[in-house]
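There are 2 protein chains.
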Amino acid sequence: MQASIAIESTPAVQYLLRIGDTCLILGQRISEWSGHAPILEEDIAMSNMALDLIGQARAVLTHAGTLEGRGHDEDQLAFLRDEKDYRNLTLVELPRGDFAFTVLRNAMVATFMKLLWERLRSSGDAELAGIAGKAVKEARYHQQHAADWVVRLGDGTDESRRRVERALADLWLYVPEIFESDAVDDAAATAGLGPRWSELQAGWQAEMDTILGEAGLSRPADAAFRSTGKRGVHSEHMGYILAEMQHLQRAFPGGVW
Amino acid sequence: MQASIAIESTPAVQYLLRIGDTCLILGQRISEWSGHAPILEEDIAMSNMALDLIGQARAVLTHAGTLEGRGHDEDQLAFLRDEKDYRNLTLVELPRGDFAFTVLRNAMVATFMKLLWERLRSSGDAELAGIAGKAVKEARYHQQHAADWVVRLGDGTDESRRRVERALADLWLYVPEIFESDAVDDAAATAGLGPRWSELQAGWQAEMDTILGEAGLSRPADAAFRSTGKRGVHSEHMGYILAEMQHLQRAFPGGVW
Numbered sequence: 020m021q022a023s024i025a026i027e028s029t030p031a032v033q034y035l036l037r038i039g040d041t042c043l044i045l046g047q048r049i050s051e052w053s054g055h056a057p058i059l060e061e062d063i064a065m066s067n068m069a070l071d072l073i074g075q076a077r078a079v080l081t082h083a084g085t086l087e088g089r090g091h092d093e094d095q096l097a098f099l100r101d102e103k104d105y106r107n108l109t110l111v112e113l114p115r116g117d118f119a120f121t122v123l124r125n126a127m128v129a130t131f132m133k134l135l136w137e138r139l140r141s142s143g144d145a146e147l148a149g150i151a152g153k154a155v156k157e158a159r160y161h162q163q164h165a166a167d168w169v170v171r172l173g174d175g176t177d178e179s180r181r182r183v184e185r186a187l188a189d190l191w192l193y194v195p196e197i198f199e200s201d202a203v204d205d206a207a208a209t210a211g212l213g214p215r216w217s218e219l220q221a222g223w224q225a226e227m228d229t230i231l232g233e234a235g236l237s238r239p240a241d242a243a244f245r246s247t248g249k250r251g252v253h254s255e256h257m258g259y260i261l262a263e264m265q266h267l268q269r270a271f272p273g274g275v276w
Numbered sequence: 020m021q022a023s024i025a026i027e028s029t030p031a032v033q034y035l036l037r038i039g040d041t042c043l044i045l046g047q048r049i050s051e052w053s054g055h056a057p058i059l060e061e062d063i064a065m066s067n068m069a070l071d072l073i074g075q076a077r078a079v080l081t082h083a084g085t086l087e088g089r090g091h092d093e094d095q096l097a098f099l100r101d102e103k104d105y106r107n108l109t110l111v112e113l114p115r116g117d118f119a120f121t122v123l124r125n126a127m128v129a130t131f132m133k134l135l136w137e138r139l140r141s142s143g144d145a146e147l148a149g150i151a152g153k154a155v156k157e158a159r160y161h162q163q164h165a166a167d168w169v170v171r172l173g174d175g176t177d178e179s180r181r182r183v184e185r186a187l188a189d190l191w192l193y194v195p196e197i198f199e200s201d202a203v204d205d206a207a208a209t210a211g212l213g214p215r216w217s218e219l220q221a222g223w224q225a226e227m228d229t230i231l232g233e234a235g236l237s238r239p240a241d242a243a244f245r246s247t248g249k250r251g252v253h254s255e256h257m258g259y260i261l262a263e264m265q266h267l268q269r270a271f272p273g274g275v276w
């Protein structure tokens with residue numbers, strides 16, 4: 020078994036890991052729909068979205084490895100960290116759920132990522148700005164596609180509405196974490212790397228209100244609960260997703276099995 | 020549970036199902052690598068290949084539904100047939116196997132599909148010719164990518180060579196089926212729909228000999244065994260892959276769960 024790598028966790032590296040890991044883990048969750056989507060067209064759309072997200076993760080993790088300066092490449096960062104060193108939003112590690120859960124989560128994350136990539140286009144870090152320029156177009160499409168489904172389900176049958184309402188209640192618990200700023204955000208803002216995520220909250224809520232309104236859904240009240248994946252303290256689901264992801268790389272270090 | 024659809028199985032429809040189902044089932048098998056490939060780059064490459072194959076399947080099955088004339092769309096054809104009505108090569112329904120098995124099978128199927136799509140570009144069926152014009156470019160890339168891996172593994176470590184040799188011995192049993200012509204082929208050739216698959220054998224063997232030669236591997240002797248997926252008589256693996264694929268569509272007919 021390949022041992023874990025240790026991460027030199029400067030605030031800039033952590034800021035990038037939050038972005039890259041959120042893309043990586045959501046891409047992983049979405050790819051679980053491959054061959055399981057209800058219609059072929061949606062199977063293709065989901066796979067495309069997973070591909071975009073894994074491509075974004077790859078670019079950001081490559082850059083994080085460079086900033087870290089220990090020679091870790093994107094594969095080592097993706098596959099060989101301990102759970103506590105993954106810095107994704109808890110929201111994206113929750114199990115796939117049903118189709119309503121999936122499209123609502125996609126809408127929530129894509130809306131956030133779109134707003135974040137828009138700001139990162141003017142990052143003082145030219146490499147990150149370049150990644151953002153490409154990623155923002157993908158995130159816009161992801162948002163639109165997912166939002167269309169949310170509206171279709173919210174405005175659909177009793178069953179589809181019931182499912183999307185339940186998904187909304189479940190997912191909304193994980194929203195506060197997104198916008199909680201901390202020392203990592205402060206350092207990124209000060210260094211001109213990227214915005215404090217709290218700065219994106221008002222815009223995100225406005226866009227989500229539009230989507231939920233069209234779907235005939237109401238935004239739930241904010242939860243008191245605070246999830247903590249961004250700080251490396253994950254839900255019970257994270258261990259399973261890492262076991263799935265890391266199995267091959269750990270068993271055959273640097274190999275191709 | 021949604022009932023199966025019955026297929027009006029004219030030779031032209033069967034000919035198309037052999038193509039569409041081979042793409043569909045291989046796409047399904049390759050998509051099992053999503054999130055499990057040994058490196059992120061390969062995860063992306065595999066997912067892209069699966070996407071291409073599912074897109075090709077979708078186009079061909081849509082057209083098969085039109086020719087069949089019973090109003091079946093591509094989703095009904097993909098998800099609601101009984102096992103005996105799937106007409107893919109047995110080769111593609113074999114379990115995913117290890118990475119050596121996967122890339123060697125991909126090389127074998129992509130080489131065949133490339134040669135088939137090349138011929139289908141001049142099909143008398145304009146719709147099929149149009150599909151082939153796009154698909155041939157994708158198949159060329161799939162062949163190249165897979166062949167590169169076969170060479171890399173065959174010419175790699177003792178372990179990688181041992182694995183690809185074993186895969187070759189296993190997979191070669193399923194080659195004769197590809198080129199066995201029957202009444203479906205005869206009807207397709209007579210109608211100008213497409214070539215008898217036997218006509219592609221010499222070209223396929225020549226290209227495979229080149230790939231195997233570069234990898235330092237020898238082509239095994241032809242097997243006496245004849246697999247029969249093209250005629251709807253499948254290996255024991257087919258039931259499991261259909262159970263996976265059909266579960267959602269059968270449980271929620273026409274729905275999105």
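Protein chains in written order, with my numbering: chain A, 20 to 276; chain R, 20 to 276.
C-beta atoms are modelled at their ideal positions from N, C-alpha and C, and glycine is treated no differently.
Alpha carbon of residue i to alpha carbon of residue j, nearest angstrom
| i | j | result |
| --- | --- | --- |
| residue 45 (chain A) | residue 187 (chain A) | 17 Å |
| residue 184 (chain R) | residue 94 (chain A) | 27 Å |
| residue 199 (chain R) | residue 214 (chain R) | 12 Å |
| residue 28 (chain R) | residue 164 (chain A) | 36 Å |
| residue 130 (chain A) | residue 162 (chain A) | 6 Å |
| residue 116 (chain R) | residue 111 (chain A) | 29 Å |
| residue 158 (chain R) | residue 90 (chain R) | 29 Å |
| residue 133 (chain R) | residue 86 (chain R) | 24 Å |
| residue 226 (chain A) | residue 53 (chain R) | 31 Å |
| residue 249 (chain R) | residue 135 (chain R) | 15 Å |
| residue 210 (chain R) | residue 144 (chain R) | 9 Å |
| residue 255 (chain A) | residue 230 (chain R) | 46 Å |
| residue 122 (chain R) | residue 169 (chain R) | 6 Å |
| residue 153 (chain R) | residue 128 (chain R) | 17 Å |
| residue 138 (chain R) | residue 37 (chain R) | 15 Å |
| residue 102 (chain A) | residue 51 (chain R) | 24 Å |
| residue 166 (chain R) | residue 220 (chain A) | 49 Å |
| residue 258 (chain A) | residue 96 (chain A) | 16 Å |
| residue 43 (chain A) | residue 156 (chain R) | 29 Å |
Within-7 Å CB hit, residue i to chain A
| i | result |
| --- | --- |
| residue 226 (chain R) | no |
| residue 124 (chain R) | no |
| residue 73 (chain R) | yes |
| residue 21 (chain R) | no |
| residue 77 (chain R) | yes |
| residue 63 (chain R) | yes |
| residue 54 (chain R) | yes |
Residue i at chain R interface by Cβ criterion, 7 Å
| i | result |
| --- | --- |
| residue 102 (chain A) | no |
| residue 93 (chain A) | yes |
| residue 97 (chain A) | yes |
| residue 36 (chain A) | no |
| residue 68 (chain A) | no |
| residue 26 (chain A) | no |
| residue 11 (chain A) | Nothing about residue 11 (chain A) can be read from this structure; chain A reaches only from 20 to 276. |
| residue 163 (chain A) | no |
| residue 257 (chain A) | no |
| residue 267 (chain A) | yes |
| residue 264 (chain A) | yes |
Contacts around residue i, its chain only, beta-carbon distance under 8 Å, and the 5 residues preceding and following it disregarded
| i | result |
| --- | --- |
| residue 202 (chain R) | 30 |
| residue 192 (chain R) | 242, 244 and 246 |
| residue 55 (chain A) | 62 |
Distance between beta carbons of residue j and residue i, contact taken as under 8 Å
| i | j | result |
| --- | --- | --- |
| residue 24 (chain A) | residue 100 (chain A) | 6 Å |
| residue 216 (chain R) | residue 204 (chain R) | 6 Å |
| residue 107 (chain A) | residue 41 (chain A) | 4 Å |
| residue 142 (chain R) | residue 212 (chain R) | 6 Å |
| residue 182 (chain R) | residue 172 (chain R) | 7 Å |
| residue 260 (chain A) | residue 59 (chain R) | Actually they are not in contact, since the Cβ atoms of residue 260 (chain A) and residue 59 (chain R) sit about 15 Å apart, beyond 8 Å. |
| residue 70 (chain R) | residue 66 (chain A) | 5 Å |
Residues near residue i by beta carbon distance below 7 Å, same chain, minus five either side
| i | result |
| --- | --- |
| residue 39 (chain A) | 76, 79, 80 and 83 |
| residue 149 (chain R) | none |
| residue 34 (chain R) | 203, 207, 212 and 213 |
| residue 64 (chain R) | 164 |
| residue 151 (chain A) | 136, 139, 140 and 142 |
Sequence-distant residues of the same chain with beta carbon closer than 6 Å to residue i, five excluded per side
| i | result |
| --- | --- |
| residue 68 (chain A) | 49 and 161 |
| residue 218 (chain R) | none |
| residue 354 (chain A) | Here chain A has residues from 20 to 276 only, and residue 354 (chain A) is not among them. |
| residue 206 (chain A) | 30 |
| residue 98 (chain A) | 265 and 268 |
| residue 26 (chain R) | 104 |
field: Any alpha helix (DSSP H) of 4 or more consecutive residues that is wholly inside the segment 43-121 of chain R
entry: 59-87, 93-98 and 109-112
- request: Taking only runs that begin and end inside the segment 139-172 of chain R, name each unbroken beta strand (DSSP E) of 3 or more residues, in chain order.
  value: Runs found: none.
- request: Pick out the complete alpha helix (DSSP H) segments inside the segment 215-248 of chain A, 4 residues or longer, and give them in chain order.
  value: 220-233
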